[in-house]
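Written below as structure tokens is the structure these notes are about.
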Amino acid sequence: MSLRYVTTNEGKIREALEYLDSGVTQLDYDYTEIQADDLESVAAFGAREAFRVAGEPVVVDDAGLFVDGLDGFPGPYSSYVEDTLGVERVGRVAREADATRAHFRCVLAYCDGEDFAATPEPVDRGDRRGQDLDAADRDSAATDDTVAEGDVPVKLFTGAVPGRIVEPRGDGGFGYDPIFEHDGETFAEMDAERKNAISHRGRALAKFADWYAER
Ligand code: ITT
Ligand code: NA
Numbered sequence: 001m002s003l004r005y006v007t008t009n010e011g012k013i014r015e016a017l018e019y020l021d022s023g024v025t026q027l028d029y030d031y032t033e034i035q036a037d038d039l040e041s042v043a044a045f046g047a048r049e050a051f052r053v054a055g056e057p058v059v060v061d062d063a064g065l066f067v068d069g070l071d072g073f074p075g076p077y078s079s080y081v082e083d084t085l086g087v088e089r090v091g092r093v094a095r096e097a098d099a100t101r102a103h104f105r106c107v108l109a110y111c112d113g114e115d116f117a118a119t120p121e122p123v124d125r126g127d128r129r130g131q132d133l134d135a136a137d138r139d140s141a142a143t144d145d146t147v148a149e150g151d152v153p154v155k156l157f158t159g160a161v162p163g164r165i166v167e168p169r170g171d172g173g174f175g176y177d178p179i180f181e182h183d184g185e186t187f188a189e190m191d192a193e194r195k196n197a198i199s200h201r202g203r204a205l206a207k208f209a210d211w212y213a214e215r
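Those letters in the sequence shown? Residues 1 to 215, by full-length UniProt numbering.
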């Protein structure tokens with residue numbers, strides 16, 4: 001059965017294909033992003049809409065940068081803030097406020113029109129770096145939910161990674177990658193494989209890939 005990864009973002013699909021090689025193709029469709037203060041609602045709504053449009057199983061992912069000392073700004077508004085304020089100015093605001101602790105978070109939503117009650121829960125691989133779990137990692141380790149608002153169930157998988165806001169460095173990746181440092185390197189300085197091994201999206205994708213393989 002084919003699976004469509006629904007995104008307008010080339011960077012996301014490059015990362016996703018490393019986890020989901022067989023039969024996954026991009027559907028370049030700009031689903032409605034509702035105004036909500038959590039990524040879960042945005043991803044779940046988007047997955048239902050994309051499934052209606054595509055007529056085959058879909059995955060969408062909604063992600064954001066959360067600066068801890070700025071109450072999680074820009075968070076679910078990351079896309080809007082990237083387009084308006086811009087990545088460099090977000091970095092400057094965080095550094096000037098001396099609020100450089102941050103995390104990325106990703107919520108991946110799968111929808112194929114069926115119920116998931118009989119499907120096994122995803123196995124969490126835990127913290128692959130062997131470091132202490134902080135808030136972001138605890139979030140990543142949380143049990144993923146099946147959201148069933150209305151009649152079309154959606155299965156959610158989350159991932160998060162902690163880091164620090166720095167002056168922009170590197171030209172790989174996309175979006176906020178140049179200002180997000182993890183283990184001494186910005187995400188834009190890492191190659192795709194290394195970013196994937198530790199990133200919010202990579203973690204969510206790994207959980208999804210395990211679950212999907214069982215399905
Ligand atoms: P789609 O909704 O079409 O998938 P998008 O780029 O709008 O593409 P999001 O809404 O999930 O995707 O992204 C929210 C913002 O967060 C946007 O500004 C992205 O550039 C940024 N972002 C998401 N994932 C990122 C990552 O891995 N590294 C850096 N920035 C990221
Ligand atoms: Na989006």
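Heads up, the beta-carbon is just placed ideally off N, CA and C, and yes, glycines get one too.
Comparing the CB of residue i with every heavy atom of the ligand COA, is any distance shorter than 8 angstroms?
i, result
"Leu70", "In terms of ligand content, the structure shown lacks the ligand COA and carries the ligand ITT and the ligand NA instead."
Here's the rule: buried if 16 or more other CB atoms are within 10 angstroms of the residue's CB, otherwise exposed. What is residue i?
i, result
"Arg52", "exposed"
"Asp61", "buried"
"Arg125", "Any reading at Arg125 needs caution, since the residue's pLDDT is 45, under 50, leaving its predicted position unreliable; the model's value is listed next. Exposed."
"Ala47", "buried"
"residue 243", "For the chain, the structure presents residues 1 to 215; residue 243 sits outside this window and is missing."
"Gly175", "buried"
"Gly86", "exposed"
"Ser199", "buried"
"Ile34", "exposed"
When you measure from the CB of residue i to every non-hydrogen atom of the ligand ITT, does any distance come out below 8 angstroms?
i, result
"Ser78", "yes"
"Phe45", "no"
"Tyr176", "yes"
"Val60", "yes"
"Val154", "no"
Give the straight-line distance between the Cα atoms of residue i and residue j, rounded to the nearest whole angstrom.
i, j, result
"Gly170", "Val154", "36 angstroms"
"Arg215", "Arg201", "21 angstroms"
"Ala197", "Val67", "22 angstroms"
"Ala188", "Phe73", "20 angstroms"
"Asp28", "Asp183", "33 angstroms"
"Tyr5", "Gly113", "15 angstroms"
"Glu88", "Asp115", "43 angstroms"
"Tyr77", "Gly64", "7 angstroms"
"Phe104", "Gly55", "31 angstroms"
"Lys12", "Thr186", "17 angstroms"
"Ala102", "Pro162", "6 angstroms"
Could you please give the first and the last residue of the uninterrupted beta strand (DSSP E) stretch that includes residue i?
i, result
"Gly112", "Inspection of the sequence shows that residue 112 is occupied by Asp rather than by Gly. Note, Asp112: premise wrong, no beta strand (DSSP E); not H, not E."
"Val6", "3 to 6"
"Gly164", "Reading off the sequence, residue 164 comes out as Arg, not Gly. Per DSSP, Arg164 belongs to the beta strand (DSSP E) from 154 to 165."
"Thr84", "Careful: Thr84 lies outside any beta strand (DSSP E), inside the alpha helix (DSSP H) at 78 to 84."
One question on the structure: do residue i and residue j come within less than 9 angstroms of each other, judged by their Cβ atoms?
i, j, result
"Glu18", "Leu156", "no"
"Pro57", "Cys111", "yes"
"Glu167", "Gly91", "yes"
Locate the alpha helix (DSSP H) running through residue i, then write down its first and last residues.
i, result
"Ile198", "192 to 198"
"Gly91", "87 to 96"
"Gly11", "10 to 19"
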